[in-house]
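Participant:
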Amino acid sequence: MTNRRTFLAGGLAVAGGAAVLASARSVAGSGPTIKVGSKQFTESWIMGELYAQLLTAQGFHVVLKSNIGSSTIIDRAIVSGEIDLYPDYTGVILQSIALAEKLPPTAEGTWAEAKRFEETRGLTLLEKTPFQNRNAVAVRRADAERHGLRKIADLARLGDVQYAEYPDNITGPFGYEALVKSYKLPRLKVRPLNIGLQYPALESGRVQAADVFTTDPQLRRYDFTILEDDLHIFGFQNVAPVVRLPILRRYGARVSGPLNRVNALLTEPAMQALNEAVAILRLSPAEVARRFLRANRLI
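Put into structure tokens, the structure is as follows:
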């Protein structure tokens, strides 16, 4: 990754207070109004800020509604016209909104199917990010090298394995039970831990494997290996802006161009760094987005 895709030197070193935004605010601009939304977690706040600041630079009056809520809640907001666009995950759209029983076997196919679904409802998707924020199975790098662990199925070589899983994901299509069934791992024993606690547990050896999210900033701090999900049970979770079709028809490339350009820069290491700046270094999502956009000469 080039320097232009990350922060300028020293850009993460300034401490501050990271605000959790829970209501609408105007970003700037005196032109046509566009309402940008985001979900209720760090990564979505950051992407909402990226989109809002880019559109402000295009001359729009942007109203940013951060921390709206879950996938189903924010979907109701865009369908009703409360917001005009927001970032979402392609697999989540199919699973949680379209209620698809099976996901396509590729990232491109997942994006294309999600786009087709949204266009039946007066919405569409812009281009997807290189990064995915998906569930994954991590082990210590030393264990991976010692036992030749490359794929999730290779965990069978370890015998009894303590597996850290957050309580809400023990059942369900991405959870512990699905992992055991799909990869035939009867000796994988679940250890419920709240999100965030799986990292020190894995590092210390209290568990031998853990469910992680691929853009978590903790993955930059520990020496872990992500095992290949060759059965694709976790699906594909690239991010794409969901946009109301009337907005895109009215403003065209003035909206799609800047959002596609910033999305193209959002690789997994870049998103981990952005999340780390907010979640660990305590910068505000607005400041983190501003530094990234300026470093990449987008504003």
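If you read the sequence shown in our numbering, its first letter stands for residue 1084, the second for the next number, and so on.
Idealized CB from N, CA, C, for every residue including glycine.
#1: Whole-angstrom Cβ separation of ILE1117 and VAL1145, contact assumed at under 8 Å?
#2: Kindly give me the distance between the Cβ atoms of ASN1216 and GLN1320, rounded to whole angstroms, as I take these residues to be in contact under 8 Å.
#3: Are ASP1066 and VAL1345 touching if we call contact CB-CB under 8 Å?
#4: Measuring only the C-alpha atoms, how far is THR1207 from GLY1318?
#5: Would you check if the distance between the CB atom of LEU1342 and the CB atom of PRO1324 is smaller than 8 Å?
#6: Count the other CB atoms within 10 Å of the CB of ASN1277; is the residue buried (16 or more) or exposed (fewer)?
#7: Tell me which same chain residues have a C-beta within less than 8 Å of the C-beta of ALA1105, skipping the five on either side of it?
#8: Look up GLN1123 in the DSSP assignment and say whether it is helix, strand or coil.
#9: Expressed to the nearest angstrom, what Euclidean distance is found between the alpha-carbon atoms of TYR1282 and TYR1305?
#10: For ALA1225, which option in ALA1292, ARG1159, PRO1188, THR1139 has the closest C-alpha, if you only look at C-alpha atoms?
#11: Leaving out the 5 sequence neighbours to the left and right, which residues in its chain are closer than 6 Å to THR1212 when beta-carbon positions are compared?
#12: Per DSSP, what kind of secondary structure is ALA1105 in: helix, strand or coil?
#13: Would TYR1246 pass as a contact of VAL1295 if the rule is Cβ separation under 8 Å?
#14: Between ALA1183 and ARG1274, what straight-line distance do the alpha-carbon atoms span, to the nearest angstrom?
#15: Among the candidates VAL1220, PHE1143, SER1153, whose CA atom is the shortest distance from the CA of GLU1311?
#16: Mapping the DSSP letters down to three states, classify HIS1144 as helix, strand or coil.
#17: Reducing DSSP to helix, strand and coil, say where LYS1185 ends up.
#18: Check PRO1352 in the structure and name its three-state DSSP category.
#19: Using C-beta distances below 8 Å, list every residue in its chain close to TYR1259, excluding the 5 sequence neighbours before and after it, in chain order.
#20: When the distance is taken between beta carbons, is GLU1359 closer than 8 Å to PRO1269?
#21: What residues in its chain sit with their C-beta under 6 Å from that of PHE1257, if we drop five residues either side in the sequence?
#22: Considering only the beta carbon of each residue, do THR1298 and MET1354 sit closer than 8 Å?
#23: Would you mind giving the Cβ-Cβ distance between GLN1123 and GLY1164, rounded to the nearest angstrom? I have them listed as a contact below 8 Å.
#24: Helix, strand or coil, according to DSSP, for GLN1178 in the structure here?
#25: For ALA1140, which residues from the same chain have a beta carbon less than 6 Å from its beta carbon, with the 5 sequence-adjacent residues on both sides left out?
#26: Quick check on GLN1320: does DSSP put it in helix, strand or coil?
#27: So what's LEU1137 in DSSP terms, helix, strand or just coil?
Facilitator: According to the structure data:
#1: With 8 Å as the limit, ILE1117 and VAL1145 qualify as a contact, their Cβ atoms being about 6 Å apart.
#2: Contact flag correct, Cβ pair sits at about 5 Å.
#3: Residue 1066 cannot be examined here, being either before or after the span of the chain that is shown, 1084 to 1382.
#4: Straight-line spacing of the CA atoms in THR1207 and GLY1318 works out to 20 Å.
#5: The answer is yes: Cβ separation under 8 Å.
#6: Around the beta carbon of ASN1277, fewer than 16 other beta carbons lie within 10 angstroms, which makes this residue exposed.
#7: Low per-residue confidence applies at ALA1105: pLDDT is 47, beneath 50, and the placement is therefore not dependable, though the value from the model is reported in the following sentence. Closer than 8 Å at the Cβ level, and outside the excluded window around ALA1105, lie SER1149, ASN1150.
#8: Under the three-state reduction of DSSP output, GLN1123 falls in the coil class, being neither helix nor strand.
#9: Going from the Cα of TYR1282 to the Cα of TYR1305 covers about 8 Å.
#10: Of all alpha-carbon atoms in ALA1292, ARG1159, PRO1188, THR1139, the one lying nearest the alpha-carbon of ALA1225 is that of ALA1292.
#11: Same-chain partners within the cutoff: ASN1321, VAL1322, ASN1346, LEU1349.
#12: Summary for ALA1105: the model assigns pLDDT 47, below 50, so the residue's position carries little reliability; its value from the coordinates is reported in the next sentence. Looking at ALA1105 - three-state DSSP - the assignment turns out to be coil, as it is neither helix nor strand.
#13: Not in contact: TYR1246 and VAL1295 (Cβ atoms no closer than 8 Å).
#14: Going from the Cα of ALA1183 to the Cα of ARG1274 covers about 29 Å.
#15: GLU1311 has its Cα closest to that of VAL1220, out of VAL1220, PHE1143, SER1153.
#16: In this structure, HIS1144 counts as strand in the three-state DSSP scheme.
#17: Correct three-state label for LYS1185: coil.
#18: Here PRO1352 sits in helix by DSSP.
#19: Residues TYR1246, GLU1248, ASN1252, ILE1253, LEU1271, VAL1273, ASP1294 of the same chain have their beta carbon placed closer than 8 Å to that of TYR1259, with the five preceding and five following residues left out of the count.
#20: For the pair PRO1269 and GLU1359, the CB atoms are not nearer than the 8 Å cut-off.
#21: Only ASN1218, PHE1317 meet the Cβ criterion.
#22: At the C-beta level, THR1298 and MET1354 come within 8 Å of one another.
#23: Not confirmed; about 20 Å, so no contact.
#24: In the structure shown, the three-state DSSP call for GLN1178 is helix.
#25: Counting only residues of its own chain and dropping the five nearest sequence neighbours on each side, ALA1140 has a CB closer than 6 Å to the CB of ILE1382.
#26: Note: GLN1320 maps to coil in three-state DSSP.
#27: LEU1137: helix per DSSP, three-state reduction.
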